[in-house]
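Protein chains in written order, with this note's numbering: chain A, 1 to 405; chain B, 406 to 625.
Backbone N, C-alpha and C fix where the C-beta goes; we use that ideal spot for every residue, glycine too.
Notes for the one structure printed next.
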């Protein structure tokens with residue numbers, strides 16, 4: 001026989017009394033696991049949606065007012081391209097993509113269009129001074145769930161979604177869908193602008209925004225025809241949603257005090273509010289489980305010690321020391337905590353996977369990592385709540401327990 | 406082996422001091438069989454617990470093999486009980502959720518003996534007490550006499566040199582009491598010291614000597 005036999009048999013002898021405490025910890029862990037599980041996938045879903053929206057931060061000259069987010073770069077104010085250097089060389093976390101732009105009007109076949117100069121990503125990386133430093137040394141991506149929902153297409157059409165492209169020649173253009181149909185051009189055609197011939201490398205898919213009427217080419221080409229030097233009139237940034245909620249906009253403001261930083265406020269605020277609410281709910285449940293679960297277990301353990309005074313006295317008469325008595329009760333608490341943690345994880349996961357799609361309209365998958373977390377939390381609560389009752393048992397007066405029966 | 410020197414035990418009951426034992430002094434040599442008799446409330450059980458290192462006397466000393474028990478820490482006294490002493494209780498004090506075999510294994514578990522050896526020794530003791538067919542019965546499935554025999558098997562598990570018995574026949578019928586007293590005779594003849602508290606004159610007569618405890622004082 002081992003000490004665990006003693007503990008296990010006693011649990012089953014008085015299992016009815018244990019049920020309440022077990023349920024308290026089980027329900028608490030179930031609730032917290034399901035909330036954490038749903039929250040995790042909810043945050044991922046919102047991050048994915050934001051990612052699909054494209055750029056969510058715009059840097060503009062201070063004097064510009066924003067009427068329309070998608071046409072915010074259509075103005076005559078400019079600021080130095082050097083702002084891009086500052087951003088790239090900074091250690092700001094959460095800058096997933098950034099795209100400096102200079103937009104000027106252009107007339108083709110008697111129709112007016114916006115010609116937007118963009119800087120391909122390979123030019124950022126080709127600058128030796130930026131290599132191995134700043135944001136490109138940080139992992140890319142915002143932790144968006146990888147899978148069928150992400151777009152892995154390497155084509156230039158990713159400009160629509162990612163707001164940045166890998167490569168673009170100085171005399172290459174990407175044409176918005178509306179502009180292409182007005183000009184009746186297709187991929188592979190050529191386009192005459194500013195007495196120069198540009199080849200159409202891609203027709204961009206319909207976005208429903210002003211981008212559909214734009215023509216995109218290399219930033220330095222546009223800077224050349226504009227004759228204003230190395231300037232841009234907007235920098236579009238895809239900022240990670242979590243980073244935005246943690247103050248990315250304020251950090252960019254500090255870095256570029258001469259510029260105006262705007263964001264898709266409503267979308268980000270909704271996300272911030274959702275995240276905050278979920279984390280507060282999670283914290284609330286954590287406090288409830290610690291209090292209710294802990295008090296319930298402590299109460300049960302004190303009652304158990306009182307009920308087992310005669311047993312404790314008998315064990316002491318047989319030579320059991322205080323550490324042996326302490327171990328009996330703490331081992332019982334450990335079993336209670338581990339079982340409560342495993343049970344709570346299973347129930348919480350079933351609840352999250354079942355209710356997640358109905359409540360949050362998102363697919364929720366089990367998170368094995370939460371099992372470790374649930375068991376650890378449940379065990380710590382059970383052990384902490386049982387420590388003082390166990391200590392009380394270990395230092396009971398054996399004569400009193402024997403004489404009174 | 407056991408010496409009790411001028412031991413007094415006083416309790417506080419509702420702010421009043423009550424004397425349980427008063428200046429009690431006697432020796433119990435190795436191999437002795439002593440019965441302590443006296444009316445209810447005379448301090449018999451108190452004396453037994455003091456002898457077993459489980460109740461601090463108010464004054465006086467208790468020596469076990471020359472070592473003052475109450476100069477030791479509680480855990481050191483537990484060690485002495487584990488190795489040298491065995492308690493027999495009037496109500497047997499068996500663990501209700503353990504089988505007869507497991508109850509006898511407890512002192513062996515406390516002594517750090519491994520599972521197979523525990524089992525072998527416990528079975529042998531239960532066979533000696535005539536309970537080989539009741540190994541896997543829990544106390545509620547045993548008669549009163551069988552429960553007391555399990556308790557007696559348990560008391561021998563750690564091979565104690567001193568057995569302290571508190572009213573061991575108090576709850577038993579005459580036939581079972583006789584068996585229990587035969588058991589005490591037997592283990593005393595093996596060289597073990599037996600100290601038995603009882604108010605059963607027949608049981609007391611089986612001891613080598615009897616100490617009378619009246620109002621907390623020993624009379625011969």
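DSSP has residue i in a bridge; who is on the other side?
i                      : result
residue 417 of chain B : B:422
residue 516 of chain B : Answer is none; residue 516 of chain B lacks a bridge partner.
residue 214 of chain A : A:114
residue 473 of chain B : B:468
residue 97 of chain A  : A:238
residue 382 of chain A : Answer is none; residue 382 of chain A lacks a bridge partner.
residue 61 of chain A  : A:259
residue 526 of chain B : The partner list for residue 526 of chain B (beta bridge, DSSP) is empty, contrary to what the question assumes.
Given a cut-off of 9 Å on the beta-carbon distance, is the pair residue i and residue j in contact?
i                      : j                      : result
residue 584 of chain B : residue 559 of chain B : no
residue 29 of chain A  : residue 343 of chain A : yes
residue 249 of chain A : residue 232 of chain A : no
residue 379 of chain A : residue 367 of chain A : no
residue 406 of chain A : residue 40 of chain A  : The structure shown does not extend to residue 406 of chain A, since chain A spans only 1 to 405, so no value can be given for it.
residue 488 of chain B : residue 598 of chain B : no
residue 443 of chain B : residue 618 of chain B : yes
residue 221 of chain A : residue 170 of chain A : yes
residue 494 of chain B : residue 314 of chain A : yes
residue 507 of chain B : residue 277 of chain A : no
residue 352 of chain A : residue 364 of chain A : yes
residue 530 of chain B : residue 539 of chain B : no
residue 563 of chain B : residue 512 of chain B : yes
residue 644 of chain B : residue 426 of chain B : Coverage of chain B is limited to positions 406 through 625, which leaves residue 644 of chain B absent and any answer about it impossible.
residue 601 of chain B : residue 556 of chain B : no
residue 172 of chain A : residue 199 of chain A : yes
residue 305 of chain A : residue 312 of chain A : yes
residue 621 of chain B : residue 447 of chain B : yes
Starting from the beta carbon of residue i, find every residue of chain B whose beta carbon is closer than 8 Å, and list them in chain order.
i                      : result
residue 332 of chain A : Those within 8 Å of residue 332 of chain A in chain B number zero; the least Cβ separation is about 13 Å.
residue 306 of chain A : Chain B residues near residue 306 of chain A: none, gap ~16 Å exceeds 8 Å.
residue 93 of chain A  : Those within 8 Å of residue 93 of chain A in chain B number zero; the least Cβ separation is about 55 Å.
Rounded to whole angstroms, what is the Cα-Cα separation between residue i and residue j?
i                      : j                      : result
residue 347 of chain A : residue 32 of chain A  : 11 Å
residue 78 of chain A  : residue 84 of chain A  : 13 Å
residue 147 of chain A : residue 45 of chain A  : Residue placement at residue 147 of chain A is poorly supported in this model, since its pLDDT is 35, which falls under 50; the coordinates still yield a value, given next. Each residue's Cα considered, the two are about 12 Å apart.
residue 228 of chain A : residue 104 of chain A : 11 Å
residue 25 of chain A  : residue 325 of chain A : 24 Å
residue 393 of chain A : residue 292 of chain A : 22 Å
residue 410 of chain B : residue 464 of chain B : 9 Å
residue 114 of chain A : residue 92 of chain A  : 31 Å
residue 480 of chain B : residue 321 of chain A : 5 Å
residue 398 of chain A : residue 459 of chain B : 6 Å
residue 167 of chain A : residue 204 of chain A : 15 Å
residue 418 of chain B : residue 402 of chain A : 18 Å
residue 567 of chain B : residue 414 of chain B : 22 Å
residue 486 of chain B : residue 20 of chain A  : 37 Å
residue 255 of chain A : residue 119 of chain A : 21 Å
residue 509 of chain B : residue 9 of chain A   : 15 Å
If you compare alpha carbons, which of the options is closest to residue i?
i                      : options                       : result
residue 188 of chain A : A:202, A:16, A:229 and A:234  : A:202
residue 34 of chain A  : A:359, A:6 and A:110          : A:359
residue 12 of chain A  : B:431, B:502 and B:465        : B:502
residue 98 of chain A  : A:114, A:340 and A:57         : A:57
residue 76 of chain A  : A:322, A:1, A:108 and A:63    : A:63
residue 412 of chain B : B:442, B:421 and B:454        : B:454
residue 197 of chain A : A:209, A:118, A:217 and A:204 : A:217
residue 341 of chain A : A:382, A:182 and A:331        : A:382
residue 497 of chain B : B:472, B:548 and B:615        : B:548
residue 339 of chain A : A:18, A:181 and A:14          : A:18
residue 238 of chain A : A:86, A:80, A:100 and A:82    : A:100
residue 177 of chain A : A:193, A:318, A:210 and A:120 : A:210
residue 579 of chain B : B:608, B:590 and B:603        : B:608
residue 234 of chain A : A:224, A:212, A:251 and A:263 : A:263
residue 488 of chain A : A:280, A:369, A:286 and A:332 : The structure shown has nothing for residue 488 of chain A, since chain A only spans 1 to 405.
Against residue i, what residues of chain A qualify as contacts under a CB-to-CB distance less than 9 Å, listed in chain order?
i                      : result
residue 487 of chain B : 318, 319, 320 and 321
residue 480 of chain B : 321, 322 and 323
residue 589 of chain B : Residues of chain A passing the Cβ test: none, with the nearest at roughly 18 Å.
residue 507 of chain B : 1, 5, 6 and 9
residue 492 of chain B : 314, 317, 318 and 402
Find the residues of chain B that neighbour residue i, judging by a C-beta separation of less than 7 Å, and give them in chain order.
i                      : result
residue 399 of chain A : 454, 459 and 460
residue 9 of chain A   : 502 and 503
residue 310 of chain A : 498
What residues of chain B sit near residue i, judged by a beta carbon separation below 9 Å?
i                      : result
residue 407 of chain A : Because chain A here runs from 1 to 405, residue 407 of chain A falls outside it and cannot be looked at.
Applying a beta-carbon distance threshold of less than 8 Å, which residues of chain A neighbour residue i?
i                      : result
residue 553 of chain B : Near residue 553 of chain B there are no residues of chain A at all, since even the closest Cβ is about 14 Å away, more than 8 Å.
residue 541 of chain B : Correct list: empty, because the minimum Cβ distance to chain A is about 13 Å.
residue 409 of chain B : Within 8 Å Cβ-Cβ: nothing; residue 409 of chain B doesn't reach chain A, min ~16 Å.
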